[in-house]
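Asker: Residue numbers (the working numbering), protein chains in the order written: chain A, 472 to 676; chain B, 472 to 676.
Glycine included, each C-beta is placed from N, C-alpha and C at the ideal position.
Sharing a structure below in structure tokens format, with a few things to ask.
There are 2 protein chains.
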Amino acid sequence: MNFSSKLLEDAVNEFAKLPGVGQKTALRLVLHLLNKEQEEVSNFGNAIIKLRQEIKHCAVCHNISDHLHCEICTANKRDKEVICVVEDTRDVMAVENTSQYFGVYHVLGGLISPMDGVGPADLFIDSLVQRVATSPVKEIILALSATMEGDTTLFYLYKRLKDFQIPVTTIARGIAFGGELEYADEITLGRSIITRVPYENSLIR
Amino acid sequence: MNFSSKLLEDAVNEFAKLPGVGQKTALRLVLHLLNKEQEEVSNFGNAIIKLRQEIKHCAVCHNISDHLHCEICTANKRDKEVICVVEDTRDVMAVENTSQYFGVYHVLGGLISPMDGVGPADLFIDSLVQRVATSPVKEIILALSATMEGDTTLFYLYKRLKDFQIPVTTIARGIAFGGELEYADEITLGRSIITRVPYENSLIR
């Protein structure tokens, strides 16, 4: 692209580094910002810079936090003996949005993925084992994505955790609520038949 | 959404103000930035702040520029007597990319749009008339989008410019190169039949 201004070119190139944002979208976003008040644009830029400079990760669960310990780990009414293991902070938000979970979390910071060069040592797995070894835990819920990386990580975590004699569970897989059988893939449908539950257990309490 | 951090929430909300970016996309972009080096993120934020603070608009053609006069208006080899009137800087870039135009530009800064409350006084139309009145001009090319707003603006500009006795032209409309007739809309196809040109004129020189 032929830019009429170096400043414009720099800003567009920075935006175009974001995932899923190409040069044309970047230009559209930058021109949108150019039409805004100077203060608004400064707020935008500073919010991002400040986030990166001042963000902390909870020392216990590694979730993104403004303090050394996150709000969930310090909340009195959360059950500290139930740990839900998730990939990243988005999954914490997703589980929190359900209002169905009252334990605490452990954020791995990713999934084991040999293709991307991510091994167990790159994730907060040792710190999970440490946590389980040093504090009373009555259940570990593994809530990972049902992908190849998720399954690999599940298997590795199970191997590391099974000697503690603590129940290790995974979230249920099956047909989604509102899902139609004819559009479900055969693996999900097949597994949901094998792992069928008594009708009275399936009722939402 | 339940954010675990105020800093995170602020950054996501700022991103979500951008056109076409919702809360989920904003969160994805912010988490992407969080994984980057602090310096990279500072460069991103500062490029935007600096752009908004230091950007100038060319005093002659109103295109975005780093200086008081843009590179096109100051270039010796551009024909200052041919003015191409466009909506915004993206259109300047689009025309420049064709390498088929050697005159100068006039950026209106938008199109007349009563629906959005944009009238002629909000655009650089008076400055175009002033420019035509005070300097020698041999042709004015109106290169505006073929939308309702574009046509309204075309008509208004023609009314304001016709007394100067200077040829006012618009870019050709018709079937795009590579376009198939069966998929063309009837208005475009109909107009392209009415405004047909002798075959020898249609050859690209």
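N534/A: buried (16+ other C-beta within 10 angstroms of its C-beta) or exposed?
Answerer: The residue in question, N534/A, is buried, as its Cβ has 16 or more Cβ neighbours within 10 Å.
Asker: List the DSSP bridge partners of H528/B.
Answerer: In the DSSP output, where bridge partners are listed per residue, H528/B has I535/B.
Asker: Just the Cα atoms here: how many angstroms apart are A614/A and C544/A?
Answerer: The straight-line gap from Cα to Cα measures roughly 18 Å.
Asker: Would D559/B and G590/B qualify as a contact pair, given that the criterion is a beta-carbon distance under 8 Å?
Answerer: No. Outside cutoff.
Asker: Using a beta-carbon distance below 8 Å, is F515/B in contact with chain A?
Answerer: So, interface residue.
Asker: List the DSSP bridge partners of V578/A.
Answerer: V578/A pairs with V557/A.
Asker: Run through DSSP, which three-state label would L502/B get?
Answerer: Helix at L502/B.
Asker: Could you pull the DSSP bridge partners for C550/B from this structure?
Answerer: Going by the sequence as given, residue 550/B is Asp instead of Cys. Its beta-bridge partners are G574/B.
Asker: To the nearest angstrom, how far is it from the Cα of L608/A to the Cα of I526/A?
Answerer: Note that residue 608/A is Val in the sequence shown, not Leu. Taking the straight line from one Cα to the other gives about 28 Å.
Asker: Taking beta-carbon pairs under 8 Å, can you tell me which members of the segment 536-567 of chain A lie near chain B?
Answerer: The segment 536-567 of chain A vs chain B, Cβ under 8 Å: S536, D537, C541, E542, I543, D559, T560, R561, V563, M564, E567.
Asker: Should T603/B be flagged as near chain A, meaning a C-beta pair shorter than 8 Å?
Answerer: For the record, residue 603/B in the displayed sequence is Val; it is not Thr. Chain A, which has no Cβ nearer than 8 Å to the Cβ of V603/B, makes this no.
Asker: Once DSSP output is grouped into helix, strand and coil, what is the label at V589/A?
Answerer: Correct three-state label for V589/A: strand.
Asker: Nearest CA to the CA of R523/A: which residue from S513/B, A592/B, V531/B, L674/B?
Answerer: If we check each option's Cα against that of R523/A, S513/B comes out closest.
Asker: Could you name the residues of the same chain whose beta carbon sits closer than 6 Å to that of A497/A, not counting the 5 residues immediately before and after it, in chain order?
Answerer: V483, F486, A487.
Asker: Quick one: list the residues of chain A neighbouring D593/B, beta-carbon separation under 7 Å, in chain order.
Answerer: Chain A residues near D593/B: none, gap ~12 Å exceeds 7 Å.
Asker: What is the rounded straight-line gap between the Cα of I611/A and the Cα of L632/A?
Answerer: Cα to Cα, the separation comes out at about 9 Å.
Asker: Taking DSSP as the reference, what is the three-state secondary structure of T641/A?
Answerer: T641/A falls in the strand class under three-state DSSP.
Asker: Cα separation between R602/B and G516/B?
Answerer: Using only the alpha carbons, I get a separation of about 38 Å.
Asker: Apply the 10 Å Cβ neighbour rule to S673/A and answer buried if 16 or more other Cβ atoms are within range, or exposed otherwise.
Answerer: By the neighbour-count rule (16 or more Cβ atoms within 10 Å), S673/A is not buried but exposed.
Asker: Which of the three DSSP states, helix, strand or coil, is assigned to R674/B?
Answerer: Checking the displayed sequence, the identity of residue 674/B turns out to be Leu instead of Arg. It is coil, neither helix nor strand.
Asker: Determine, for H577/B, whether the minimum Cβ-Cβ distance to residues of chain A falls below 8 Å.
Answerer: False, the Cβ-Cβ gap to chain A never drops below 8 Å.
Asker: Give the interface partners of R523/A over in chain B, defined as CB-CB distance under 8 Å, in chain order.
Answerer: Those within 8 Å of R523/A in chain B are L504, L505, K507, Q509, V512, S513.
Asker: Note down, in chain order, every chain A residue with its Cβ under 7 Å from the Cβ of D587/B.
Answerer: Under the 7 Å cutoff, chain A gives no residues; its nearest Cβ is about 12 Å from D587/B.
Asker: Once DSSP output is grouped into helix, strand and coil, what is the label at L652/A?
Answerer: In this structure, L652/A counts as helix in the three-state DSSP scheme.
Asker: Between the C-alpha atoms of S536/A and A530/A, what's the straight-line distance to the nearest angstrom?
Answerer: Cα to Cα, S536/A sits roughly 9 Å from A530/A.
Asker: Cβ of T659/A within 8 Å of Cβ of I646/A?
Answerer: Yes, Cβ-Cβ distance for T659/A and I646/A is below 8 Å.
Asker: Helix, strand or coil for E610/A, going by three-state DSSP, please let me know.
Answerer: Strand at E610/A.
Asker: Could one say the Cβ of S584/A lies closer than 8 Å to chain B's Cβ atoms, at least one of them?
Answerer: With 8 Å as the cut-off, S584/A does not count as an interface residue toward chain B.
Asker: With A604/B as the anchor, note down where its alpha helix (DSSP H) starts and where it stops.
Answerer: Segment 596-605, the alpha helix (DSSP H) holding A604/B.
Asker: Can you check which of these residues, L489/B, L502/B, A643/B, V492/B, is closest to D714/A by C-alpha distance?
Answerer: A question about residue 714/A goes unanswered here, because the residues of chain A that appear run from 472 up to 676.
Asker: Just to check my reading of the structure: L478/A and K521/B have Cβ atoms closer than 8 Å, yes? What is that Cβ distance to the nearest angstrom?
Answerer: 6 Å between Cβ atoms; contact.
Asker: Using a C-beta to C-beta distance shorter than 7 Å, which residues of chain D count as neighbours of S476/B?
Answerer: No chain D appears in this structure, whose protein chains are A and B.
Asker: Is it buried or exposed for H528/A, if we count other Cβ within 10 angstroms and need 16 for buried?
Answerer: Buried is the call here.
Asker: Using a C-beta cutoff of 8 Å, does L445/B count as contacting chain A?
Answerer: It is not possible to answer for residue 445/B, since the shown part of chain B is limited to 472 through 676.
Asker: Between the C-alpha atoms of D656/A and E671/A, what's the straight-line distance to the nearest angstrom?
Answerer: One C-alpha to the other measures close to 26 Å.
Asker: For the alpha helix (DSSP H) containing C541/A, list its first residue and its last residue.
Answerer: First-last for C541/A: undefined, no H or E at that position.
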